[in-house]
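Notes for the one structure printed next.
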Amino acid sequence: MRSFNKTILMGRIARDVELKNIRSGTSLVELGIAVNERCKTQNGEWGEAVHFINVTFWGKRAEVISQYLSKGDAILVEGRLKQSRWESDGQAHSRLTVRGEEFSFVGAPQRDLGLITHETETKPRTPHPPKDDIPF
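All the letters of the sequence shown, read from the start, carry residue numbers 0 to 135 under numbering that gives the first Met the number 0.
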């Protein structure tokens, strides 16, 4: 049986974006993405749970993210789950992260909003012609 490993997340960057370079010269960025989930609370009311997911991007994508995005900006991430396992003081540990493969900007970055008015101009809607006026 074949398996499938694909993760799609949309949320906000939860911590400062820091570009790192490893010894080989490859760039990497480790993001914390805050993803909200609508769910029922223990008392039966609707609320939101926030999940913080670690996502790592490598190479050119890491460089672009560090240049254009910062804490609080929205992002759409596509990638694969990766499990890291290690042992420390005789205890086995594991951690799931997402290895980012693609990303998209979502909305305008918070720092580039500049002057925004709360009133927006709306064009009057053109009414649809009555069905008997349609030429076919």
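The beta-carbon is built from N, C-alpha and C at its ideal position, and this holds for glycine as well.
Cβ neighbour criterion (16 or more within 10 Å) applied to residue i
i: L80; result: exposed
i: L114; result: At L114, the pLDDT of 38 sits below 50, so the modelled position is not reliable and the matter cannot be decided from this model.
i: G89; result: exposed
i: V49; result: exposed
i: I7; result: exposed
i: A61; result: buried
i: G78; result: buried
i: L95; result: exposed
Residue i, DSSP secondary structure in three states
i: A91; result: strand
i: S65; result: helix
i: K59; result: helix
i: R98; result: strand
i: E48; result: Per the sequence shown, the amino acid found at residue 48 is Ala instead of Glu. It is a strand residue.
i: G71; result: coil
i: V105; result: coil
i: S23; result: coil
Same chain only: Cβ atoms within 6 Å of residue i, ignoring 5 sequence neighbours per side
i: L75; result: M9, S103 and V105
i: E100; result: E77 and G78
Where the beta strand (DSSP E) through residue i begins and ends
i: V34; result: S26 to K39
i: N4; result: Per DSSP, N4 belongs to no beta strand (DSSP E) and is neither H nor E.
i: N20; result: L18 to N20
Nonlocal neighbours in the same chain, by C-beta distance under 7 Å from residue i, ignoring five residues either side
i: T25; result: W57 and G58
i: D111; result: For D111, the predicted model reports a pLDDT of 49, less than 50, meaning its position is unreliable; a value from the coordinates is still stated below. Cβ within range, chain order: n/a, list empty.
i: R37; result: W45 and E47
i: I52; result: L8, I32, V34 and V97
i: S93; result: Q82, S83 and R84
Original post:
Touching or not, the region 17-25 and the region 49-66, by the rule of three or more beta carbon pairs under 8 Å?
Top reply: yes
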